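Novice:
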Amino acid sequence: AQSVAQPEDQVNVAEGNPLTVKCTYSVSGNPYLFWYVQYPNRGLQFLLKYITGDNLVKGSYGFEAEFNKSQTSFHLKKPSALVSDSALYFCAVGPGGFKTIFGAGTRLFVKA
Amino acid sequence: DAMVIQNPRYQVTQFGKPVTLSCSQTLNHNVMYWYQQKSSQAPKLLFHYYDKDFNNEADTPDNFQSRRPNTSFCFLDIRSPGLGDAAMYLCATSGTGPYEQYFGPGTRLTVT
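As they're listed, the protein sequences go chains P and H. When you line the first sequence up against the working numbering, it's residues 1 to 112, in that order. When you line the second sequence up against the working numbering, it's residues 1001 to 1112, in that order.
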C-alpha cells in the first residue's frame, strides 16, 4: 500500500538551532515528493518539491529537503530555526495522476 | 493578489440543513480539489476535477457533492450535514503534471 510516514508528532527546537522534520514514504516507482506548511486556521502552503535530479532541494523561507532513494526518505531541514517557523508540516507524495498522499503531519515548536 | 479564495471562511449550519461552500481561483489551473481536514490531521481528499471531468474518491460519502461550472469556480455541497462533518474544508488547485497544489485558506464548518 502507498503511504507516507512522519514518525514524529512534534519536534521542539531552540531558535537558531538547526531543525529536521522526518518523512519516509512507501510508493512504487519514482514518486514526486512535497513539503507543505500549515499555520493555524490557514490552508496548506507549498514549501518545496522533489521531482528528479539533485537530491538536495531548496525551497521557500530557507527550508531545504534531502531526498534519499535507498532509505525512501525526504527529510525537511533548516540550518537555523526561527520562532516564526512554528507550524504544522506535512510531507506528501504524488504517486501518479492527481492523487496526493499526505503524511499525518509534524508540529514544529521553535522556542525563543 | 489572492490566488485561491474560499467563501465563507466560517460557516455554521444546522444538523441536516444543506450547505454550500465555494472556491474560486485566479491561477487558471485545470485541476481543482476538495479536501476535508479534521483537528490538524492530514487533509483527506474528497474529490477532484480535471477540467470538467469529475473524480470522486471511493470513500467519499454520497452526502458530499461538487460542481464546477467553469474553470475558475468550484462548489462543495453537503446535502445533509451531520455532526461528524464538522471540519475544515480546503480547496486546492494545480496544473497538470507533477505540480504542487495551491490551497485556499479553508472554510471552517460547524454543525449545530
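Yeah, the Cβ is synthetic: ideal placement off N, Cα and C, and Gly gets one too. No experiment lies behind these values; they were computed from the predicted model shown.
Can you pull out the residues from the segment 94-107 of chain P whose beta carbon lies closer than 8 angstroms to at least one beta carbon of chain H?
Specialist: Gly94, Phe98, Lys99, Thr100, Phe102, Gly103, Ala104, Gly105, Arg107
Novice: Please state whether DSSP places Gly94 (chain P) in a helix, a strand or coil.
Specialist: Looking at Gly94 (chain P) - three-state DSSP - the assignment turns out to be strand.
Novice: Residues in its own chain within less than 6 angstroms of Val83 (chain P) by CB, not counting five upstream and five downstream?
Specialist: Glu15, Val110, Ala112
Novice: Verify the CB distance criterion: does Arg1108 (chain H) have a CB-CB separation below 9 angstroms to chain P?
Specialist: yes
Novice: Please identify the residue among P:Gln2, P:Glu64, P:Lys58 whose C-alpha is closest to the C-alpha of Gly29 (chain P).
Specialist: P:Gln2
Novice: Can you check whether the C-beta of His1029 (chain H) is within less than 9 angstroms of a C-beta belonging to chain P?
Specialist: no
Novice: If you reduce the DSSP assignment to three classes, tell me which class Asp955 (chain H) lands in.
Specialist: Since the first residue shown for chain H is 1001 and the last is 1112, residue 955 (chain H) is missing from the structure and cannot be characterised.
Novice: Determine the chain H residues that contact Leu44 (chain P) at a beta-carbon separation under 8 angstroms, and present them in chain order.
Specialist: Pro1043, Leu1090, Ala1092, Gln1101, Phe1103
Novice: Which runs of the beta strand (DSSP E), 3 residues or longer, sit entirely within the segment 1027-1095 of chain H?
Specialist: 1031-1037, 1044-1050, 1053-1056, 1064-1067, 1073-1078, 1087-1094
Novice: By DSSP, does Tyr61 (chain P) sit in helix, in strand, or in coil?
Specialist: Assigned with DSSP and collapsed to three states, Tyr61 (chain P) falls in helix.
Novice: Going by DSSP, what residues sit across from Phe34 (chain P) in a beta bridge?
Specialist: P:Lys49, P:Ala92
Novice: Answer yes or no: does any C-beta atom of chain H fall closer than 9 angstroms to that of Lys49 (chain P)?
Specialist: yes
Novice: For a contact defined as C-beta to C-beta under 7 angstroms, what are the partners of Ser1040 (chain H) on chain P?
Specialist: The answer, in chain order, is Leu88, Gly105.
Novice: Any idea if Tyr39 (chain P) is buried or exposed, counting beta-carbon neighbours within 10 angstroms, 16 or more meaning buried?
Specialist: exposed
Novice: When the Cα of Tyr1010 (chain H) is compared with those of P:Asn41, P:Trp35, P:Tyr32, which residue comes out closest?
Specialist: P:Asn41
Novice: Closest Cβ-Cβ distance between Asn41 (chain P) and chain H: below 9 angstroms?
Specialist: Yes, because at least one Cβ of chain H sits closer than 9 angstroms to the Cβ of Asn41 (chain P).
Novice: Return the bridge partner residues of Gln1006 (chain H) from the DSSP annotation.
Specialist: H:Cys1023
Novice: Quickly, what does DSSP pair Ser3 (chain P) with across the bridge? List them, please.
Specialist: Answer by DSSP bridge pairing, in chain order: P:Ser26.
Novice: Using the beta-carbon count (16 or more within 10 Å), is Ala92 (chain P) buried or exposed?
Specialist: buried
Novice: By DSSP, does Ser86 (chain P) sit in helix, in strand, or in coil?
Specialist: Residue state, collapsed to three classes: coil.
Novice: Which residues share a DSSP beta bridge with Glu66 (chain P)?
Specialist: Within the DSSP secondary-structure output, Glu66 (chain P) pairs in a beta bridge with P:Leu56, P:His75.
Novice: Would you verify that the beta carbon of Pro1098 (chain H) is, or is not, closer than 9 angstroms to some beta carbon of chain P?
Specialist: Yes, contact with chain P.
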